Amino acid sequence: MLEKIKATANYISAKAGIKCDTGIVLGTGLGGLVREMEILETIPYGEIPHFPVSTVDGHAGRLIFGKLGSKTVLAMQGRFHYYEGYDMKEVTFPVRVMRELGIVNLFVSNASGGLNPEYRVGDIMVIRDHINFFPEHPLRGRNEASLGPRFPDMSRVYDERLRMNAKQIALENNFHLQEGVYVGVSGPTFETPAEYLMFRKLGGDAVGMSTVPEVIVARHAGMRVFGISIITDSGVPGQIVEISHEEVQQVAMAAEPKMTLIMKKLIESL
Ligand code: HPA
């Protein structure tokens with residue numbers, strides 16, 4: 068794996084020749100951030116050695132080096148979900164490569180179903196903590212000590228200062244941010260009412276199908292992490308209605324300007 072990570076990172080640095088310390092996984096709701104970027108270089112995933120290839124919706128993923136304000140960032144447009152059939156080593160490989168490229172700050176976004184009865188569809192939740200409910204662990208197997216410790220600490224996964232700054236940004240721009248616990252599940256089914264209730268009882272505020280694997284690997288590698296989630300549907304008893312991927316996308320799009328603003332300002336403040 069080490070050789071693959073190095074080969075992939077070498078390919079990317081040779082191709083782009085751009086150094087930066089901040090990476091963004093452009094999950095649901097952050098597509099608009101690309102429009103805020105001055106694009107310096109793009110590399111389609113298909114050209115990158117050892118990179119998995121995106122399958123969702125047929126749009127091919129790509130890496131984008133760009134300027135967000137004065138800050139140079141590396142953005143992943145398109146992520147790899149466990150439900151697509153990738154194993155956890157594949158899902159998290161890009162994070163390993165980012166670390167090898169010198170990236171020490173990782174920003175991620177996703178869409179999720181709300182479990183906390185105080186949440187409304189369309190709310191944005193800063194991730195304070197997570198519960199890993201995926202059936203496979205990204206760090207299972209022989210540990211490569213040069214990448215991180217065998218038994219990584221998970222007591223402070225989501226950077227407190229970044230979370231505080233995000234709340235400040237929301238306050239200054241007159242909108243409310245929720246903060247809570249994200250439960251990461253395999254999908255691809257949305258939850259049954261009984262499952263939503265179970266995840267609530269277990270301590271979750273929102274449930275979704277991504278992020279946790281990438282974040283675990285980022286923390287293993289000592290990266291600073293910030294995560295944010297759009298509540299696209301409700302899993303609260305009495306409020307559950309039939310949902311589809313399209314509806315999830317629509318709600319996420321409506322929340323996009325707020326998400327974009329937070330990420331942009333937060334990254335500029337680094
Ligand atoms: N459950 C799981 N993943 C999701 C949901 C949900 O309700 N909404 C968006 N992603």
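Numbering (my numbering), first residue to last: 68 to 337.
Quick reminder that beta carbons are idealized off the backbone N, C-alpha and C, glycines included.
All values reported here derive from a predicted model rather than from experimental measurement.
**Item:** DSSP state of LEU59 mapped onto helix, strand, coil
**Value:** Since the first residue shown for the chain is 68 and the last is 337, residue 59 is missing from the structure and cannot be characterised.
**Asked** Which one of TYR225, VAL292, SER311 has the shortest CA to CA distance from ASP88?
**Response** VAL292
**Request:** With ARG291 as the anchor, note down where its beta strand (DSSP E) starts and where it stops.
**Result:** 291-301
**First through last residue of the alpha helix (DSSP H) which encompasses GLU167** = 155-167
**Runs of alpha helix (DSSP H) wholly within the region 73-115 (minimum 4 residues, chain order)** = none
**Request:** Go ahead and label GLN317 buried or exposed: buried means 16 or more other beta carbons lie within 10 angstroms of its beta carbon, across all protein chains shown.
**Result:** exposed
**Request:** Please report how far the alpha carbon of GLY261 lies from the alpha carbon of ALA233, in whole angstroms.
**Result:** In the sequence on display, residue 261 carries Ala and not Gly. Cα to Cα, the separation comes out at about 33 Å.
**Asked** GLY125 to GLY113, Cα distance in whole Å?
**Response** Per-residue confidence for GLY125 stands at a pLDDT of 47, beneath the threshold of 50, marking its modelled position as unreliable; the derived number appears in the next sentence. Approximately 13 Å between the Cα atoms of the pair.
**Request:** Give me every residue whose Cβ sits closer than 7 Å to any heavy atom of the ligand HPA, in chain order.
**Result:** ALA178, SER179, GLY180, VAL252, GLY254, PHE257, GLU258, VAL274, GLY275, MET276, THR299, ASP300, GLY302, ILE310, VAL315
**Message:** One question on the structure: do MET330 and ARG286 come within less than 8 Å of each other, judged by their Cβ atoms?
**Reply:** no
**Message:** Give me the DSSP bridge partner(s) of THR139.
**Reply:** LYS134
**Message:** Taking a contact to mean a Cβ-Cβ separation below 8 Å, would you say GLY302 touches GLY181 in this structure?
**Reply:** yes
**Item:** Neighbourhood of GLN245 by C-beta, 8 Å cutoff - its chain only, sequence neighbours within 5 removed
**Value:** ASN183, GLU185, TYR186, ASP190, ILE191, MET192, VAL193, ASP272, ILE298
**Asked** Which residues bound the beta strand (DSSP E) around PHE174?
**Response** 172-181
**Message:** Strictly by DSSP, which residues pair up with GLU335?
**Reply:** According to DSSP, GLU335 bridges with nothing at all.
**Asked** Between LYS268 and PRO304, what straight-line distance do the alpha-carbon atoms span, to the nearest angstrom?
**Response** 12 Å
**Request:** Report the rounded CA-to-CA distance for PRO116 versus GLU239, giving the unit in angstroms.
**Result:** 43 Å
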